[in-house]
Structure formats: C-alpha cells, structure tokens
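Same order as they appear, the protein sequences are chains F and Y.
Per the working numbering, the very first residue in the first sequence carries number 10; after that it's consecutive.
Per the working numbering, the very first residue in the second sequence carries number 10; after that it's consecutive.
Positions of the beta carbon are idealized from the N, C-alpha and C atoms, including for glycine.
There are 2 protein chains.
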Amino acid sequence: MDSLNLDRQSAVPLYFQIQQQLLQQIRSGRLKPGKPLPSEEFISRRLRISRMTARQALKSLCSEGVAYSRRGKGTFVAETKLEKNFRQVLSFSEEMEARGTRPHSKVISFQVVSANQEVAEALDLAPGEKLIQLRRVRMADSSPMGVECTCLPLRLCPDLLEKFDPRTSLYRTLAEVYEIHIVQADEVVEAGLASPEEARLLQISKASPVFLFTRTSHVESGQAVEYVKSTFRGDRYKIANRLRRQSDGNSSGGVQWTQG
Amino acid sequence: MDSLNLDRQSAVPLYFQIQQQLLQQIRSGRLKPGKPLPSEEFISRRLRISRMTARQALKSLCSEGVAYSRRGKGTFVAETKLEKNFRQVLSFSEEMEARGTRPHSKVISFQVVSANQEVAEALDLAPGEKLIQLRRVRMADSSPMGVECTCLPLRLCPDLLEKFDPRTSLYRTLAEVYEIHIVQADEVVEAGLASPEEARLLQISKASPVFLFTRTSHVESGQAVEYVKSTFRGDRYKIANRLRRQSDGNSSGGVQWTQG
DNA sequence: GACGGCTAGTTGTCTAGACAAGTGCCGGGG
DNA sequence: CCCCGGCACTTGTCTAGACAACTAGCCGTC
C-alpha cells in the first residue's frame, strides 16, 4: 500500500523515481505535514536498493523544503502553508495558472533599436550596437498586470523578428533556434510609482505603487544575453519567498537570512 | 600550496572541513569565479578520503550557490557579480555593513499586547492570547530605512522583556535563552504607499513608495514562532536576487525560474 | 515515584569500490 | 583539410557495508 516501486530499466535515476513518488504522496495529502516519511532503512530494504540511494531521495526532498530530517528521529513532511506561492516569484505564467487564470501578452512593439547606455553597459555591447526590443503588456485573463521590456543583442539572434511568435516562449525560441541557453539571471526589485504611460497601459491611476524589476540573464559562459525591465502592479502582484537557515549560517535558499 | 588539510581527530565532519577551506579560498579570491575547483578525484586522493566524502563537500558548496557542477567538465566557482547584494534580501544588518554604514535600531515600543486576528491566525494562537510586540525603526547611520514590527507568543518567551536587549540580536537571544531555533521563514513582499505615521517615522513624504514585508518564522517542527510586518523605504531599499535554472526542473535557488 | 541503563530505531558520516555518461583533446585516416 | 575513434578526465549514480550519535520507550532498581 505504500506504492513505492521502481523501474530499473528506466534511464531515470532510482533516487529520483523515489523522490517523485514521495513527493506525489505528499502533494496528494496521503502523507500529511508533520508525519514521518519512510526511513532510509525501510526504503532501502523495501526496494532492495542501497541505503545511500534512499538517503539521496530523502535529502533531495529536504533541500526543496518539502521535508526535514532530525537525527535519531526521522524525516518528516514539512508544513506547507505557502505551498501555492512558494518559489513562484516573478514567474508570471505559473502564478497566473495557479490562480486559475490564463496568462497572455499584448505586444506593444517588437523592433530593432540602438542600445542606450544603460542596456549597453548591462549587456556589454559596443556603443550604439543594435538591439531587438520587445515590449509587452502581461495580462491575466483580460486584466493587465505589468509592462515588460526585453532587450537582446541583434547579433545573437539576427532574424528573431521573423522566427519568434511573441505569443510563445521567448526562452524556448532562443534555445531551439539559436542554441542560446540561459542558465542564470541577476535581478533587482525596487518599489516605485507608475509613470503616466505605465498607468495608462495598466489601467491604474497615476502614481500607483508598482514593482520595478530589472533582470540581466546569462548563458553558461557568463555572457549576458538579455536585459529586461518590467513594471508590475503593486495591487495585484506579490512576491513570495521561503527563507531557510543553515546551522553554519549559510543559506540554501535564494536569500540570506535576516538577523533579528 | 592547495592548503587543503584535515584534522581527523576533530569532531567536525571531514566534508565540512573541506567545504569551509574551499569556501575560504573562494572568499579570499584565491579561487576566482569561473575557475574550476579541485575535482572529487583529486580531493579524495590528496586527502586520502573516499570520493563520496569529497563529493559531499563540493555538493554542499553547490547547494549554497557558491559553485556549480557540469557533468564531464568539473565544478566551478559561481559568478559573484551581485555578491554584495545576492542573498541579502531583507538582511538589514548585512546590507548596511556591505555599504559601509553601521546598522542600528530605535525602539518605538517593546511591550505585551493581545493578538489581533491576523497575528493569531499566522501564529496559530488562541483568541486573545498575549504577545510580545517589538516595534523598531531600522537605521543606517542616522538615516531611517524602515519600520519593523515583530510579534512573538508570550508563552514561548515569558520574560523576554527583561532578558532581551533590543540593541542585540533577537534570534540569538531566542536561541540561547529559550532554545528557540528558527530554521525557516515564509515571506511575502508587496509594493505600497507609506502611511502618514510611517512617512513621519521614515522622514519621507506621505504616499512615497515602500516595500511591505510580511514574514512568518518557524522552528524545525514547523511551529510558527514569529510574525513580522515591516515597511521599508522604496527610495533606499532594493531586493537583489540570483535566479538559476536547472536542467531537471528543480530549483536550488529561492525562486523559481521565469519563462520569458 | 524517580532515576538509570538497556535496546531498537533513526539519521549522520564515511569507506572503497563500480559503471555510465559527458567533455575535451589528440592523432590517424580519409 | 575534416571527421572520427580513442583516451584521459570529470561528474552522476549506485552498491554494501561500517561506526557514531541521538531518540524514545521499556524495565528494573533504588
């Protein structure tokens, strides 16, 4: 009834199969917060695998914040109060879907422009180098949520204007057509007030509070390939985060820990 | 000269000793971003330990975002462009120190109050249960940066009013005096406008843009022990984050990846 | 009843291997 | 010149153990 089983022919690692099955039991509510997960010993005997492999499955759940371990006691399902928002910061599409609304975009402009100093600096471009600039209003159902302006060096994707359908995923197009695989981004968030143009596009009153996001995305070599500035409605948008503290003082989460 | 060495008599785990030494080499600049760390094989031969132990040291650096691994290539020091801000979201003390300014606080009130519904719900309290409430203005040098209101159930720390010096670290006091070890927090960030009182305390004009933070902190069992609401100046405060994308779909950072 | 020791169960750490799979380079054959 | 195979190196996964350290309950002694 524990419905743990393995496909040893599969290319999927054993620990990952176990991790996914446990995760599913947690998500489905069969394993409730605070309740113990099967022990490393139990899993390894039951599935006839090494204890280290079972351990790897449990530890991966811990590193995601889904579970926690206590020496001498066991591994337990973590509380899941913020589950719905957890790790969804800025993930526009996912957040909209979690709310049951369909995300889509309205393209304001999609064109080639010359880089201003700010973008040139962020993307390490030659002065006046050409950019692809894509400005969109991000919508949830028919309600505008934010304005987003994405800049890419033209030389990296010279025919993007023809090859990219702005209603699809930009990142997927970059990966499939140009072999540009973004693996990391640095992002800064500020609180500000909507400009008159933003207020009009977002259908809010002037000087409403907004989030200002500035993101620089990089490929594996560290080269910056994308610069995005966006403005999101403060009344409709929240950032949710889970912070974690490690015993030594280094955080495994996306943010460092606050000292009280 | 690689200055890796072990104290086998120490109670400190071997992998942790290695991790700390590598971390120190990275922080000191002897290992630069993009450069490879010693391979698992090299470390295990050099220190005469098992490869799995060397691996554990490297993996722990990866899980902290200090390094990253590429199958077939090696483990490398992560880029640190945003190092100063990276993972410092809401870490008031550290951010101030990074700017070269000294953080301190001005206590507005430190008293016992009855829980309102919002706090009672967050901390799972009985109706009307007593709280310790600490309101502070967070300052950088002599400039106010934010207002913070911290609430703790009185029954968990009955004599905190006497035992805690508000100029010291609250978390350290909770750990040392009451054995309350906070290991996780869920936080929500909103963009808003300063209220008249906040504007006065922060010395900004009314209706200036501000960040609103709401944090619920938990001990390992999942029990909520702290509820914090704070308001920080939008003109002085930024949130910096590094997002990382993994091939699997499991994020090691604190936030999930945005689809372009 | 209080206390202490024993024991079973659990996670933490560590060993000494194994094979798979991806990367980068070099050299040989076309 | 270009391509491809082989080789060295690396990380990813897995095995089958070992001992240490901690927890919780049980039981007998004081």
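query                                                                                                                                                       : result
Could you check where the beta strand (DSSP E) with Val146 (chain Y) kicks off and where it finishes?                                                       : 139 to 149
Tell me which same chain residues have a C-beta within less than 8 Å of the C-beta of Ser12 (chain Y), skipping the five on either side of it?              : Gln30, Gln34
Chain Y beta carbons: is any one of them nearer than 9 Å to that of Ile248 (chain F)?                                                                       : yes
If we ignore side chains and look at the alpha-carbon of each, how far apart do Arg209 (chain Y) and Phe119 (chain Y) end up?                               : 19 Å
Looking at the C-beta of Met61 (chain F), does it have a partner C-beta in chain Y at a distance below 9 Å?                                                 : yes
Shorter than 9 Å from the beta carbon of Pro218 (chain F) to some beta carbon of chain Y?                                                                   : yes
Cβ of Glu196 (chain Y) less than 9 Å from any chain F Cβ?                                                                                                   : yes
Using the three-state DSSP reduction, which class does Val21 (chain Y) fall into: helix, strand or coil?                                                    : coil
Is the beta carbon of Leu183 (chain F) less than 9 Å from the beta carbon of Val234 (chain F)?                                                              : yes
Ala129 (chain Y) lies in the beta strand (DSSP E); which residues open and close that run?                                                                  : Careful: Ala129 (chain Y) lies outside any beta strand (DSSP E), inside the alpha helix (DSSP H) at 126 to 132.
Tell me the rounded alpha-carbon separation between Ala194 (chain F) and Glu171 (chain Y).                                                                  : 46 Å
Leaving out five residues before and five after Glu199 (chain Y) in sequence, what residues of the same chain have Cβ atoms less than 7 Å from its Cβ?      : Leu221
Look up Leu161 (chain Y) in the DSSP assignment and give the residues it is bridged to.                                                                     : Y:Ile141
Helix, strand or coil: how does DSSP classify Ala76 (chain F) here?                                                                                         : strand
Could you work out which residue in F:Ser204, F:Ile248, F:Leu202, F:Phe25 is closest to Thr62 (chain F) when comparing CA atoms only?                       : F:Phe25
So Val156 (chain F) and Leu70 (chain F) are supposed to be a Cβ contact under 8 Å. How far apart are they, rounded?                                         : The pair is not a contact, with the Cβ atoms about 38 Å apart (cut-off 8 Å).
Checking the sheet assignment: what are the DSSP bridge partners for Asn14 (chain F)?                                                                       : DSSP output for Asn14 (chain F) lists no bridge partner at all.
Under the three-state reduction of DSSP, which class applies to Leu202 (chain Y): helix, strand or coil?                                                    : strand
Residues of the region 200 to 229 of chain F with a CB closer than 7 Å to any CB of chain Y: list them in chain order, please.                              : Ala200, Gly201, Leu202, Pro218, Val219, Phe220
Using a cut-off of 8 Å between C-beta atoms, extract the partners of Ser118 (chain Y) located in chain F.                                                   : In chain order: nothing, as chain F lies at least about 16 Å away.
Relative to the alpha-carbon of Ile191 (chain F), which residue among F:Ala203, F:Arg224, F:Leu202, F:Arg144 has its alpha-carbon at the smallest distance? : F:Arg224
Would you say Ala149 (chain F) faces chain Y, with C-beta separation under 9 Å as the test?                                                                 : no
Counting along the chain, where does the alpha helix (DSSP H) carrying Ser53 (chain F) start and finish?                                                    : 49 to 56
To which residues of the same chain is Leu145 (chain F) closer than 6 Å at the C-beta, ignoring the five residues directly before and after it?             : The question names Leu, but residue 145 (chain F) in the sequence shown is Arg. Hits under 6 Å: Ser114, Val116, Glu157.
Pick helix, strand or coil for Thr84 (chain F), following the three-state DSSP scheme.                                                                      : strand
In chain F, which residues lie less than 7 Å from Gly243 (chain Y) when you measure between Cβ atoms?                                                       : Glu199, Ala200, Gly201
Between Ser214 (chain Y) and the rest of its own chain, which residues show a CB-CB distance below 7 Å, the 5 nearest in sequence each way excluded?        : Ala208
Ala66 (chain F) CB to nearest chain Y CB: under 9 Å?                                                                                                        : no
Rounded to whole angstroms, what's the CA-CA distance from Asn125 (chain Y) to Val86 (chain F)? Just pull it up for me.                                     : 29 Å
Take Gln28 (chain Y) as the anchor and find which of Y:Gly38, Y:Arg57, Y:Ala76, Y:Gly43 has the nearest alpha-carbon.                                       : Y:Ala76
Quick one: is Tyr236 (chain F) near chain Y, going by C-beta distance under 9 Å?                                                                            : no
Around the Cβ of Ser226 (chain Y), are there at least 16 other Cβ atoms within 10 angstroms (buried) or fewer (exposed)?                                    : buried
As a quick exercise: from Y:Leu165, Y:Lys68, Y:Thr110, Y:Glu88, pick the residue whose alpha carbon is nearest that of Val121 (chain Y).                    : Y:Leu165
Between which two residues does the alpha helix (DSSP H) harbouring Ala135 (chain F) extend?                                                                : That residue, Ala135 (chain F), is in no alpha helix (DSSP H); it is neither H nor E in DSSP.
Less than 9 Å between the beta carbons of Glu243 (chain Y) and Val228 (chain Y), yes or no?                                                                 : Reading the sequence as shown, one finds Gly at residue 243 (chain Y) and not Glu. For Gly243 (chain Y) and Val228 (chain Y), no; Cβs fall outside 9 Å.
Step through the CB atoms of chain Y and report whether any lies within less than 9 Å of the CB of Tyr24 (chain F).                                         : no
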